[in-house]
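Chemist:
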Amino acid sequence: MSGPQDIELYQQLLQKDKGALESLYDRYHKLIYSFSFRMTKDTTLAEEVVQEVFIKLWNSHSPYSEEKGKFSSWLLTMTRNTALDHLRKQSSKPAVEFEERDSLKETAETPSDLLEEKEKNLLVRRSVQKLKKEQRHIIELFYFQGLTHEKISDRTGLPLGTVKGRIRLALKHLKSHLHEEGGKANG
Amino acid sequence: MAKLGAECDQIIDYFNGHLSQAEKEAFEHHLEHCPECQAELAEWNALIEDLPYDSEPVSPPEGMKERVLTAVFAEESSELNTAPAEPALVEESKSKSSSQFRRSSAKWALPAAAALLLSLGGNAFLYNELQQQSTELSQTQDTVDELLQYVTLSPTGEAETSPAATASIVRTGSEVNVVINASSLGPLANDEVYQVWLIEGESPKRAGTFVASESGAGAVVFTLDEFNSDQWNQIAISHEPDAQSETPEGEVILASEL
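Residue numbers (the working numbering), protein chains in the order written: chain A, 753 to 939; chain B, 3 to 260.
(1) Taking contact to mean at least 3 C-beta pairs separated by less than 8 Å, is the stretch 892-903 of chain A in contact with the stretch 22-29 of chain B?
(2) With a cut-off of 8 Å, does the C-beta of A:Glu774 fall near any C-beta of chain B?
(3) Output the distance between the C-alpha atoms of B:Ile13 and B:Val178, rounded to the nearest integer angstrom.
(4) So with CB distances below 9 Å, who are the chain B contacts of A:Tyr762?
(5) Straight-line CA distance for B:Ala169 to B:Glu248?
(6) DSSP three-state call for B:Pro37: helix, strand or coil?
(7) So with CB distances below 9 Å, who are the chain B contacts of A:Phe806?
(8) Going straight from the alpha carbon of B:Asp232 to that of B:Val172, what length do you get?
(9) Counting only the same chain and skipping the five closest in sequence on each side, list residues whose C-beta sits under 7 Å from that of A:Leu910.
(10) Across which residues does DSSP place B:Ile201 in a beta bridge pair?
(11) Please state whether DSSP places B:Gln12 in a helix, a strand or coil.
(12) Of all the options A:Leu893, A:Thr914, A:Phe789, A:Lys924, which has the alpha carbon lying nearest to the alpha carbon of A:Arg907?
(13) Cα separation between B:Ser205 and B:Ser176?
(14) Tell me, please, which residues DSSP counts as bridged to B:Gln151.
(15) Quick check on the burial criterion: 16 or more other C-beta atoms within 10 angstroms. Buried or exposed for A:Gln887?
(16) Given this structure, state the Cα-to-Cα distance separating A:Ser814 from B:Ser215, to the nearest angstrom.
(17) Is the separation between the beta-carbon of A:Phe787 and that of B:Val74 shorter than 8 Å?
(18) Compile a chain-ordered list of the residues in the stretch 194-221 of chain B whose CB is closer than 7 Å to at least one CB of chain A.
(19) Under 9 Å Cβ-Cβ, which residues of chain A neighbour B:Gly19?
(20) Quick check: the Cα distance between B:Val208 and A:His889, rounded to an integer number of angstroms?
(21) Can you name the residues that DSSP bridges to B:Asn47?
(22) Using a Cβ-Cβ cut-off of less than 9 Å, give me the residues of the stretch 776-793 of chain A that come near chain B, in sequence order.
(23) Relative to the ligand GTP, is the shortest distance from any of its heavy atoms to the C-beta of B:His31 smaller than 7 Å?
(24) Please state if the CB of A:Tyr777 and the CB of A:Tyr816 are separated by a distance shorter than 8 Å.
(25) What residue does the alpha helix (DSSP H) around A:Ala835 start on, and which one ends it?
(26) Using alpha carbons as the reference points, say which of B:Ala191, B:Asp227, B:Glu202 lies closest to B:Val213.
(27) Apart from the five residues on each side of it in sequence, which residues of its chain come closer than 7 Å, Cβ to Cβ, to B:Glu251?
(28) Between A:Asp758 and A:Phe823, which are expected to be in contact by the criterion C-beta below 8 Å, what is the C-beta distance as a whole number of angstroms?
(29) Using only alpha-carbon positions, find the residue among B:Gly210, B:Val222, B:Trp199, B:Thr225 that is nearest to B:Ser258.
(30) Which same chain residues, not among the five before or five after B:Ser164, have their C-beta less than 8 Å away from its C-beta?
(31) In angstroms with no decimal places, state the Cα-to-Cα distance between A:Glu799 and B:Pro37.
(32) Quick one: grab the DSSP three-state call for B:His32.
(33) Find the nearest neighbour of A:Leu766 within the set A:Asn811, A:Lys870, A:Leu921, A:Lys927, judged by alpha-carbon distance.
(34) On the three-state DSSP scale, how would you describe B:Glu213?
(35) If contact is defined by three or more beta carbon pairs under 8 Å, each pair taking one atom from either stretch, is the stretch 928-935 of chain A in contact with the stretch 32-48 of chain B?
(36) Looking at the secondary structure, which residues open and close the beta strand (DSSP E) in which B:Phe224 lies?
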């Protein structure tokens, strides 16, 4: 990735360097927005999530440190938790529960320094597409909608005692697809 | 074993944040002794690296950058120029009805800091943050907070607004926190701040910096490395030209004996 490392920008941000926050915004806003939109399926809510994530970042209420793993993963965890909070506040859940995506076409041009993100995006989406429909469904309910154990059971018709095993299986398959696709991309 | 299995099944609701505080603590206790759940959770957390990328790239709405950055830096300007790393936490009340807690809470229930700050604001963001913080704290906190001292500071000058403030000194494990809750403060200009001082004999020590909201309310929590009840004889709040004063340069507006 060109330019300063995330951690350098983050350290500048802690010194209240507005330029550093703006650089992190430029670097991650699209990923965070796309992920928030994927979870909330609502443009207004997705923007609220982005705003809250950057406010949290700026105010460093829950500061990042390198032992917490990659900065981008930490930021995405914060995004998911924020989006789940917003979803919980919504009395009604998104109308569209699960959308089949029939194409992997790109919807917008991607700057060259985001090539890495673009490649990862394609890799993960290809891997998810290779899952069986019910495996994608359970990942959608568990991960992207963050439903309770009971609701996942209701929506899938699986007994409560089976849900966790199915999540585990879906994730195991996803992981092996990621390895395969990653191997292809690197080979 | 059946019971253990039932506890393990809570991992989904734990991961997705659906457990009550008590359930969460019980699960975390279970987690410490359950290698299976630890492994499962580690695996799920690792997926954070990948699954967010299963989102079709979507172009954000027009003008989002300006709106977001404006909102972010608006938060900042309301906390302007407090000395970095000085106060443990600087938050101000966004509530217009600050007077409601002005002197009404003489006997606070503990834990003071979180509960106090919650009572300060109708600010949903602050509320969420504090929930998150108190959740995080609960993972490490194995002590019971103890209120060491509670005082009401009296106005020392003839300020037009007749300011008021209370100070709670709370022991949390080996740390001692000073929680200041002020209201009816006058407006600040430019870099000006309100500075809390703990006074030992004649020498004041900085003990937290804060700014006031539009409604004249302010709060700060300051952590002391050590606290000896005989050491300090006075607590005071002054109106400083900036957040850098090492001794009071501005007017002392509120004070109390300790």
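Just so it is clear, CB atoms sit at the ideal spot from N, CA and C, and this is done for glycine as well.
Modeler: For this structure:
(1) no
(2) yes
(3) 35 Å
(4) Simply none; closest approach about 15 Å.
(5) Going by the C-alpha atoms only, they are around 21 Å apart.
(6) helix
(7) Val70, Leu71, Ala73, Val74
(8) Cα to Cα, B:Asp232 sits roughly 15 Å from B:Val172.
(9) Cβ within range, chain order: Arg918.
(10) B:Pro206, B:Gln236
(11) Secondary structure at B:Gln12: coil, using DSSP grouped into helix, strand and coil.
(12) A:Leu893
(13) 24 Å
(14) B:Ile171
(15) buried
(16) 23 Å
(17) no
(18) none
(19) Residues of chain A whose Cβ lies closer than 9 Å to the Cβ of B:Gly19 are, in chain order, Asn833, Leu836, Asp837, Arg840, Gly898.
(20) It is Arg, not Val, that sits at residue 208 of chain B in the sequence shown. Between B:Arg208 and A:His889, the C-alpha separation is close to 56 Å.
(21) None, per the DSSP bridge assignment.
(22) Those residues of the stretch 776-793 of chain A that come within reach of chain B (Cβ to Cβ, closer than 9 Å) are Tyr777, Asp778, His781, Lys782, Leu783, Ile784, Tyr785, Ser786, Phe787, Ser788, Phe789, Arg790, Met791.
(23) The model depicted lacks the ligand GTP and carries no ligand whatsoever.
(24) no
(25) 823-841
(26) B:Ala191
(27) Glu242, Pro243
(28) 4 Å
(29) It is B:Trp199.
(30) Beyond the five residues adjoining it in sequence on each side, B:Ser164 comes within less than 8 Å, by CB distance, of Pro157, Ser186 in the same chain, given in chain order.
(31) Each residue's Cα considered, the two are about 39 Å apart.
(32) helix
(33) A:Asn811
(34) Note on identity: in this sequence residue 213 of chain B is Val, with Glu being the wrong assignment. Note: B:Val213 maps to coil in three-state DSSP.
(35) no
(36) 220-226
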